[in-house]
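Visitor: Dumping the structure here so I can ask a few things about it.
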Amino acid sequence: MNRTGTRHGPERARAGLWARVGDRLIVGGATVGDEGRDGEIVALHHEDGSPPFDVRWSDTGRVTLVFPGPDARVQHFSRPGPTAAPGR
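Okay, structure coming up:
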């Protein structure tokens with residue numbers, strides 16, 4: 038933590054919500070029965086993957102800057118790693 042008691046850098050990402058470009062942000066509804074919304078994270082503003090995120094919402098296609106609240110979660114997608122060449 039820094040002198041003001043706030044987290045920064047990789048410490049901030051480990052302490053809470055973090056994402057990579059291509060992950061999905063899911064935000065719960067504000068009221069009972071409200072399904073909420075989801076979208077693809079298309080850009081990050083911090084190298085450690087901590088918020089805010091630029092999100093392309095699935096319901097509108099618009100991209101907005103999002104500071105996720107406590108009702109948000111990130112669905113991480115596995116990234117394909119290097120594969121061995123055939124016949125080796």
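In this note's numbering, the protein residues as written are 38 to 125.
Cβ atoms here follow ideal geometry from the backbone N, Cα and C, with glycine treated the same way.
Put D75 into one of helix, strand or coil per three-state DSSP.
Guide: Reduced to three states, the DSSP call for D75 is strand.
Visitor: Distance check for D75 and G106, CA to CA, integer angstroms please.
Guide: Cα to Cα, G106 sits roughly 13 Å from D75.
Visitor: How would you call L62, buried or exposed, if buried means at least 16 neighbouring beta carbons within 10 angstroms?
Guide: Flag for L62 reads buried.
Visitor: Can you list, in chain order, the residues of its chain whose CB lies under 6 Å from that of R93, leaving out five sequence neighbours each side?
Guide: Result list for R93: G76, E77, V79 and V100, in chain order.
Visitor: Relative to the C-alpha of V69, which residue among F114, D108, G53 and H113 is closest?
Guide: The shortest C-alpha separation from V69 is found at D108.
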